[in-house]
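> Per numbering that gives the first Met the number 0, the sequence shown runs over residues 0 to 198.
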Amino acid sequence: MKQVLNKELVKKAIQDLKANGKKVTLIALHAALGNRGSMSTLVQLKTELESAEQPASDSDEGLKAFREVWSLAKEEGRRQQETVIADLQSDLKTLALENERLDGVATAAANQAEDFKQAKLEAEAALVKAKSLLAQNQEALIQAGKETKAALEKVASEQSAHQNTQQELAKAIQKAHALELEVVRFRTLLDAQTGRAKK
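1. By the three-class DSSP mapping on this structure, what secondary structure does THR193 have?
2. Using the C-alpha atoms, what's the distance from SER131 back to LEU140?
3. Using the three-state DSSP reduction, which class does GLY33 fall into: helix, strand or coil?
4. Please confirm whether ALA12 and LEU25 have their CB atoms less than 8 Å apart.
5. Where ASN19 and ALA30 are concerned, what is the direct C-alpha to C-alpha distance, given to the nearest angstrom?
6. Assuming contact is defined by CB atoms lying nearer than 8 Å, are LEU41 and LYS6 in contact in what I supplied?
7. Classify ASN19 as helix, strand or coil using the three-state DSSP reduction.
8. For THR46, which option in ASN34, ASP59, ALA64 has the closest C-alpha, if you only look at C-alpha atoms?
9. Report back the beta-carbon spacing between GLY76 and SER37 to the nearest angstrom; my notes put them in contact at under 8 Å.
10. Could you compute how far the alpha carbon of LEU91 sits from the alpha carbon of GLU52?
11. Alpha carbon to alpha carbon, how far is LEU189 from GLU181?
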């Protein structure tokens, strides 16, 4: 954390500049202090230090020099403020653009979420319909199975009845043959008896 600009720091910076053989200007002093503090504060502290070292003088030349220095300090302070304001305005513009971009992203995300929601509802409706159709098909399949089973049972019953009928028919044919043989035998006997009677 930077130290707050005070007389001690300014005094030390002035001494360092003089020790290095440099001219003690406001710009050099401000740079030696790591560009801390405003120029107006720096001018005030430097003036107070110089006033403490020299006897007070209200000469026109001293007042003129002070006004010039004070004017320069105010101008420098104004320039710094303008720079800060310009930076803040630039940052504000950047933030406004970023906010606008994020609003667009948020709107797109909301629209996409709504699309997903609608797609989910449609998918759920299709699933319900598919389940209903599946249930209907299962019922139809069960019913078809029952009908097929009944038909097979009927066919089996008819086949069994047909077999019984064939068996009865075979018996009837056999019986008819037996009767036919009896008739032939009876006729033969009858003819034989009739022939004997004629003799």
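Built from N, CA and C at the ideal position, the CB exists for glycine as well.
Straight from the coordinates:
1. helix
2. 14 Å
3. coil
4. No; because the gap between Cβ atoms is not below 8 Å, this pair is not in contact.
5. 14 Å
6. No. Outside cutoff.
7. coil
8. Nearest neighbour of THR46 by Cα position, chosen from ASN34, ASP59, ALA64, turns out to be ALA64.
9. 5 Å
10. 46 Å
11. LEU189 and GLU181: Cα-Cα distance of roughly 12 Å.
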